[in-house]
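Q: These protein sequence lines map, in sequence, to chains A and B. Counting from 1, position 202 in the first sequence corresponds to residue 186 in the numbering used here; the numbering is continuous, with no gaps. Each position in the second sequence, counted from 1, maps to that position plus 1 in the numbering used here. Note that CB positions come from ideal geometry on N, CA and C, so glycine has one too. Structure provided below as structure tokens; questions to follow.
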Amino acid sequence: MQTETTPAQADVSELELVRRCQAGDTEAFDQLVIRYRTRIFAMIYNMVHNEQDAWDLAQDSFVKAWKSIKRFRGKSSFYTWIYRIVMNVTIDWLRKRQVKAGGAEFDDAIQLKEIDPASKTVPKANPLPHQRMEGQEIRARIDRAISQLSPEHRAVILMKEIEEMQYHEIAESLGCSIGTVMSRLFYARKKLQNSLRDVYENV
Amino acid sequence: MKTFEEKWTAWLDGQLSGKELADFEASLPDLAAAEAERRDAHKLGAFLKEQLAPQALSNAEFFSHQLHERIAREDRAGDRGTRFPRWTIPRLVWSGTTALALFLITAVWLINQHQPGQQSEYLTQILNSRVDPVANPNATVYIFQSKNQNKVTVLWTEGLQSLSADYAAK
């Protein structure tokens, strides 16, 4: 897993930082936040499709991680552990949002109009206007397709395809069995293939 | 025993090998179609990876600053919570037990302090002997004396019709 670190920071092992955090060192926690904030924000953004919500959920996740870091025993890697917190926070939020929306299917839970085309997570390579427009349309199609998946299916497909996590790491992060991860991956892929085939075939 | 979905996913991600791989591929009705499906899934994966690749978090420093502030605020709130602990069930039980014990100790002490006088058997017998049993067949006289410094004496009479002129309780 790639992290956002400087060479000096990389010298300090993650376990050492975690131990310092457990002793109440907030500076050590800052370093862990710097390492993971971008990936965690992007992961949440890809699940909720709203920059402000993703920001708030990432903040909530890190606060929860700080509060419960004393319970981290090092049986799994730190990023698997924090991903579990992130997934719990995000999936819980999506479920509550679904309830507020009157139990609507995920097709309707997040509308296309809520997606900010100027979001920072849109690939930025200074494209030409027509290319930018096309990129926004593609991004909107992907977001819409992902929003039609259940929160658990979103989490699995994003962790596998974007984060390139192993089955057992995804299972640990979601607190389920490897078989469940593989089964969810099967259905999530099928759904996305059906809804996005015309896009990725023509890009 | 893996389900078909699990086997398919493992096959698609190149996680099957040896006999398991051979058995699964042999079980597929159309291997060529399955291979095309696998290529399609890989294309989807690469497409998602390319389109959803994480970009730098805008205002990353502000993100950390805001988080730092929030953690400091919550830690301060936590400290206050430690100084004024919540009334958990075990704490309630212990507090209740302690309060009850204190109440009982105080009550016993107060009762001992304000104990009514005890009946004096000796004086009662004397008093009863001075009552005329013919004139007062059902008379009963008791005398109580308190032990405290007030020296209170209580004379309790029942069924007493009359007393002789020289009757004196003490």
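Can you check whether the C-beta of leucine 58(B) is within less than 8 Å of a C-beta belonging to chain A?
A: Yes, its Cβ sits closer than 8 Å to a Cβ of chain A.
Q: What's the gap between the Cα of methionine 117(A) and the Cα of proline 55(B)?
A: Rounded to the nearest angstrom, the two C-alpha atoms are 20 Å apart.
Q: Just how far apart, CA to CA, sit glutamate 101(B) and tyrosine 123(B)?
A: According to the sequence displayed, residue 101(B) carries leucine and not glutamate. Whole-angstrom Cα-Cα distance: 40 Å.
Q: Under a three-way DSSP split, which group does valine 73(A) fall into?
A: Three-state DSSP puts valine 73(A) in a helix.
Q: With a floor of 3 residues, list each beta strand (DSSP E) that falls wholly inside the region 120 to 161 of chain B, ordered by position along the chain.
A: You should have 141 to 146, 154 to 159.
Q: If we define contact as Cβ-Cβ less than 8 Å, is leucine 22(B) a contact residue for chain A?
A: It does not; no Cβ of chain A falls within 8 Å.
Q: Straight-line CA distance for valine 83(A) to tryptophan 77(A)?
A: Distance between the alpha carbons of valine 83(A) and tryptophan 77(A) is about 10 Å.
Q: Tell me the rounded alpha-carbon separation between leucine 180(A) and isoleucine 130(A).
A: Going by the C-alpha atoms only, they are around 10 Å apart.
Q: So leucine 49(B) is in the alpha helix (DSSP H); what residue range does that whole segment cover?
A: Looking at the DSSP string, the run of the alpha helix (DSSP H) that includes leucine 49(B) is 32 to 52.
Q: Should serine 1(B) be flagged as near chain A, meaning a C-beta pair shorter than 8 Å?
A: Chain B is shown from 2 up to 171; residue 1(B) falls before or after that span and cannot be answered.
Q: Let me check understanding here. Comparing Cα to Cα, which of Val153(B), Lys152(B), Gln126(B) lies closest to valine 142(B)?
A: When each option's Cα is compared against that of valine 142(B), the closest is Gln126(B).
Q: Can you tell me whether arginine 74(B) is buried or exposed, with buried defined as 16 or more other CB within 10 angstroms of its CB?
A: Its Cβ having fewer than 16 others within 10 Å, arginine 74(B) is exposed.
Q: Specify the secondary structure class of glutamate 75(B) as computed by DSSP and reduced to three states.
A: Correct three-state label for glutamate 75(B): helix.
Q: Would tryptophan 9(B) count as contacting chain A if we go by Cβ distances under 8 Å?
A: Cβ-Cβ to chain A under 8 Å: yes for tryptophan 9(B).
Q: Counting only Cβ-Cβ distances shorter than 8 Å, please list the residues of the region 36 to 68 of chain A near chain B, keeping chain order.
A: Per Cβ criterion, the list reads Trp39, Ala42, Gln43, Phe46, Val47, Trp50, Lys51.
Q: State yes or no: is the beta carbon of glutamine 177(A) nearer than 8 Å to at least one beta carbon in chain B?
A: Closer than 8 Å to some Cβ of chain B, the Cβ of glutamine 177(A) qualifies, so yes.
Q: Check whether the Cβ of aspartate 14(A) lies closer than 8 Å to any Cβ atom in chain B.
A: Aspartate 14(A) counts as touching chain B.
Q: What is the DSSP secondary structure of valine 189(A), reduced to helix, strand or coil?
A: Outside the displayed span of chain A (-15 to 187) sits residue 189(A), for which this structure offers no information.
Q: Can you tell me whether glutamine 114(B) is helix, strand or coil according to DSSP?
A: Three-state result, glutamine 114(B): helix.
Q: Any beta carbon of chain B sitting closer than 8 Å to that of threonine 22(A)?
A: Yes, threonine 22(A) lies at the interface with chain B (some Cβ there is under 8 Å from its Cβ).
Q: Would you check if the region 26 to 37 of chain A and the region 0 to 14 of chain A touch, i.e. whether three or more CB-CB distances between them fall below 8 Å?
A: As far as the Cβ criterion goes, the region 0 to 14 of chain A does not touch the region 26 to 37 of chain A, which means the pair count is below three.
Q: So, under 8 Å CB-CB, proline 135(A) and methionine 27(A) are touching, yes? Tell me the CB distance rounded to an integer number of Å.
A: 12 Å between Cβ atoms; not a contact.
Q: From the DSSP output, in three-state form, read off proline 55(B) for me.
A: Coil.
Q: Along the chain, where does the alpha helix (DSSP H) that runs through leucine 1(A) open and close?
A: Segment -2 to 6, the alpha helix (DSSP H) holding leucine 1(A).
Q: Does any C-beta atom of chain A lie closer than 8 Å to the C-beta of proline 30(B)?
A: No, no contact with chain A.
Q: Residues of chain B with a CB under 7 Å from the CB of asparagine 30(A): which are they?
A: Neighbours of asparagine 30(A) on chain B, chain order: Leu53.
Q: Count the other C-beta atoms from every protein chain shown that fall within 10 angstroms of the C-beta of valine 132(B), then say buried if there are 16 or more, exposed otherwise.
A: Flag for valine 132(B) reads buried.
Q: Decide if serine -3(A) is buried, meaning its Cβ has at least 16 other Cβ atoms within 10 Å, or exposed.
A: Its Cβ having fewer than 16 others within 10 Å, serine -3(A) is exposed.
Q: What is the residue span of the alpha helix (DSSP H) that histidine 152(A) lies within?
A: 151 to 158 is the span of the alpha helix (DSSP H), which, as asked, contains histidine 152(A).
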